Structure formats: C-alpha cells, structure tokens
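In this note's numbering, the protein residues as written are 1368 to 1464.
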C-alpha cells in the first residue's frame, strides 16, 4: 500500500497527500485485509478459496486507495468490488472440504 501511494505521487492526476494521510490510507488497507483474514480463518473451507477471498479484499483496498488519490470513487466501482468479494465469500461457504 505504501508502494502504491509512493508510485501515485508521480501521477499528475493524483492529489498530493501528507505523511499522516499516507500512513492512514495504508492502515486502512492493512485493517481490511487483516479483518478479512481473521474473519475467514474460522470458516472450514479450502485454503485456495480463503486465499481468493483475501486477495479480493486486498485488491479492493488497494484499488480504493488508488481511486481515492485520483478522486475517481463512484458507486459502480464500490459495487463491482463488493460483488466480487461477496461471490468469493459465497463460494468459500458453499464449497466445504
């Protein structure tokens, strides 16, 4: 997440952020991924499906930060990633070992 924020500083469309905002955005992504991992760790399912769910949460967090820095957040963006994450969550709950 910090690398993504560091890379977007070279993008002319991205807004400039201070060090506290960068740390806060990185903490948000960390918290989302950590919560997702802890949340699904107690569900008896295939490890591959848990990894898919966790990676979808991570991609949502990273894409959200990128869209936030470029001021491109909209409802379609949120619904797309929420749909993908929910689909992987349903797959994980349905397919048990």
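From the three backbone atoms N, C-alpha and C, an ideal C-beta is built for every residue, glycine too. Because the structure is a prediction, the values reported are computed rather than measured.
Please name the residue in the options whose C-alpha comes closest to that of residue i.
i: residue 1426; options: 1415, 1444, 1377; result: 1444
i: residue 1451; options: 1428, 1420, 1460, 1432; result: 1420
i: residue 1462; options: 1414, 1405, 1388; result: 1414
Helix or strand or just coil, what does DSSP make of residue i?
i: residue 1368; result: coil
i: residue 1414; result: helix
i: residue 1440; result: coil
i: residue 1401; result: helix
i: residue 1389; result: helix
Under a Cβ-count criterion, where at least 16 other Cβ atoms within 10 Å of its own Cβ denotes burial, should residue i be classed as buried or exposed?
i: residue 1454; result: exposed
i: residue 1400; result: buried
i: residue 1457; result: exposed
Who are the near neighbours of residue i in its chain, counting only those whose CB is closer than 8 angstroms to its CB and skipping five residues on each side?
i: residue 1440; result: 1431, 1434
I want to know whether the segment 1380 to 1394 touches the segment 1434 to 1441 - three or more CB-CB distances under 8 angstroms.
Yes, the segment 1380 to 1394 touches the segment 1434 to 1441.
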